[in-house]
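Residue numbers (our numbering): -3 to 214. The structure appears right after this line, and notes come after that.
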C-alpha cells in the first residue's frame, strides 16, 4: 500500500473517532441541560461519564495525529488538516467540560425549585447544539458552507445570553431569595454561550484547513 493510501486510511479512521466524539459532545450538552431543567442528579452523573469518555477519545485522537506527523511528515494542506484535528478535539474537550459544569450546577441546586419557567435556557441549548453539529459537518465534509450559519447562530446566542443576564438580575434585585437560583441560571447560560464560542472556533479552523486563510469571528 502506498504511503498516500496509508495516510488517507488513517484520516478516515480519525474521522470515525471525531464523529464518535462529536456525538458524545452533543449528547453531553443535551443531558446537561435536561439535568438542570429537571434538577436530576442521575442525568448529571451521566454527563460526568460522557466527559470522561470524551477525554479518553481526545487522548487517542491526539496520539494518532502525532504518530501521523512523525511517520508521514505531512506538509502544506495535509499538515493543516492534521493540525486542525488537534485543535478541534481540544474544542470538543472544552465543550464537554462546559457540559459537565452545567451538570455540576445541577448537583449543587437539585434541592431548589426554579424561580421561573425555563424557556430561554432550552432554546439557547438547542442553538448551541446546532452550532456544534454544523461545525462538525463542515469539518468532516471539508466544506466551509455550514460555517456561515454557525457564525449567525453565535450572534443569536450572544444576544440571548445578554437578555437572560438582564432578566435574571431584575429577578434577583426584586427578591433576595432568588439570588442563588438566579446565579445558577446565569451560570448555565454562560456555559452554553461558551459552548457556542468553541463551535465557532471549530468553524474558523475548518476555514483555515480548507482555504489556508485565517478567519476570526468578531
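All C-beta atoms in this analysis are idealised placements derived from N, C-alpha and C, irrespective of residue type, glycine included. Predicted model, so just to flag it, every value in this text is computed and none were measured.
Applying the 10 Å Cβ sphere with the 16-neighbour rule, what's the burial state of residue 194? So residue 194 ends up on the buried side.
If you compare alpha carbons, which of 124, 37, 135 is closest to residue 85? For the residues 124, 37, 135, the minimum Cα distance to residue 85 belongs to 135.
Residue burial classification, residue 15 (beta-carbon count within 10 angstroms, cutoff 16): Exposed, by the Cβ-count rule.
What residue ranges within the segment 100 to 166 form continuous beta strand (DSSP E) runs of no fewer than 3 residues, ordered along the chain? Listed in chain order, nothing qualifies, since the segment 100 to 166 has no complete beta strand (DSSP E) run of 3 or more residues.
In angstroms, rounded to a whole number, what distance separates the CA positions of residue 179 and residue 131? Their backbone Cα atoms lie some 30 Å apart in a straight line.
Leaving out the 5 sequence neighbours to the left and right, which residues in its chain are closer than 8 Å to residue 120 when beta-carbon positions are compared? When the five nearest sequence neighbours on each side are left out, the beta carbons in the same chain lying within less than 8 Å of the beta carbon of residue 120 are those of 153, 156, 157, 160, 185, 188, 189, in order along the chain.
Using CA coordinates, which residue listed in 51, 207, 26 is at the minimum distance from residue 141? The alpha carbon of residue 141 has as its nearest neighbour, out of 51, 207, 26, the alpha carbon of 207.
Expressed to the nearest angstrom, what Euclidean distance is found between the alpha-carbon atoms of residue 6 and residue 110? So the alpha carbons of these two residues sit roughly 48 Å apart.
So, for residue 50: in the same chain, excluding its five sequence neighbours on each side, which residues have a beta-carbon less than 8 Å away from its beta-carbon? Hits under 8 Å: 17, 20, 21, 24, 88, 89, 92.
Between the C-alpha atoms of residue 176 and residue 43, what's the straight-line distance to the nearest angstrom? In this structure, the alpha-carbon of residue 176 lies about 23 Å from that of residue 43.
Secondary structure at residue 69, three-state DSSP: helix, strand or coil? DSSP, reduced to helix, strand and coil, places residue 69 outside both helices and strands of the structure shown, so it counts as coil.
Would you call the CB atoms of residue 98 and residue 29 closer than 8 Å? In this structure, residue 29 lies closer than 8 Å to residue 98 by Cβ.
Throw me the rounded Cβ distance for the residue 81 and residue 57 pair, which I believe falls under 8 Å. Right, their Cβ atoms sit about 6 Å apart.
Consult DSSP for residue 208 and reduce its assignment to one of helix, strand or coil. Residue state, collapsed to three classes: coil.
Round the Cβ separation of residue 40 and residue 103 to the nearest angstrom and send it over; I've been treating them as touching at under 8 Å. Rounded, the Cβ-Cβ distance is 5 Å, consistent with contact.
Please classify residue 200: is it buried, with 16 or more other beta-carbons within 10 angstroms of its beta-carbon, or exposed? Burial check for residue 200: the Cβ neighbour count within 10 Å reaches 16 or more, so the residue is buried.
Whole runs of the alpha helix (DSSP H) within the segment 9 to 78, excluding any shorter than 4 residues: Taken in chain order, the unbroken stretches of alpha helix (DSSP H) that lie wholly in the segment 9 to 78 and span 4 residues or more are 37 to 68.
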